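27 is the number that full-length UniProt numbering gives to position 27 of the sequence shown; each next residue is one higher, with no gaps.
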Amino acid sequence: KIWPRLAHRIPAFENIKLKSAWAGYYDYNVWDQNLIIGPHPVITNFLLANGMSGHGLQQSICVGNAISEMILNADTYTVDLSRFNFDRIIRREKILEDFIV
Numbered sequence: 001k002i003w004p005r006l007a008h009r010i011p012a013f014e015n016i017k018l019k020s021a022w023a024g025y026y027d028y029n030v031w032d033q034n035l036i037i038g039p040h041p042v043i044t045n046f047l048l049a050n051g052m053s054g055h056g057l058q059q060s061i062c063v064g065n066a067i068s069e070m071i072l073n074a075d076t077y078t079v080d081l082s083r084f085n086f087d088r089i090i091r092r093e094k095i096l097e098d099f100i101v
């Protein structure tokens, strides 16, 4: 539906044809655009690990390790991710990045 309009506006598009494409789900935290990880504040035995947007692949090793430690009820964690807990949303505290890639 959009192709005729593109070709009309930009004639060079008439010679460009899409050969393949893919799409996927893009997980995004609209509150502060950062990871949400840890226990759900109301539902027991429910752990969250979401809202990583495009950072998910980069953060997946650490997140997977943290979730496994939470499942095992570890007393100490390899990485302290408590600032990314869901409770910050309830407290209305945003984690804002000064610099982002």
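Using N, Cα and C, we set each Cβ at its ideal position, and we do this for glycine too. In this text the structure is predicted, and so the values were computed from the model without any measurement.
Counted within 10 angstroms of its Cβ, other Cβ atoms place residue i as buried (16 or more) or exposed
i: residue 103; result: Residue coverage of the chain in this structure runs from 1 to 101, which leaves residue 103 outside it and unanswerable.
i: PHE86; result: buried
i: ALA49; result: buried
Euclidean distance between Cα positions of residue i and residue j
i: VAL63; j: ILE90; result: 21 angstroms
i: ARG88; j: ASN45; result: 19 angstroms
i: LEU57; j: LEU81; result: 17 angstroms
i: TYR77; j: ASP98; result: 26 angstroms
i: ASP32; j: ASN65; result: 23 angstroms
i: LYS1; j: SER53; result: 29 angstroms
i: VAL79; j: LYS94; result: 20 angstroms
i: ALA23; j: ARG92; result: 32 angstroms
i: ILE61; j: LYS17; result: 38 angstroms
i: TYR26; j: HIS55; result: 10 angstroms
i: PRO4; j: ASN29; result: 35 angstroms
Coarse secondary structure for residue i, derived from DSSP in three states
i: GLY51; result: coil
i: PRO41; result: coil
i: ILE67; result: helix
i: ILE36; result: strand
i: residue 103; result: The chain is shown only over 1 to 101; residue 103 falls outside these bounds and no answer can be derived.
i: ARG92; result: coil
i: SER60; result: helix
i: PHE86; result: coil
i: TRP22; result: coil
Counterpart residues of residue i in DSSP-defined beta bridges
i: TYR28; result: MET52
Inset, instruction - State whether the region 34 to 45 contacts the region 63 to 77, with contact taken as three or more CB pairs (one from each stretch) at a distance under 8 angstroms. - result: yes
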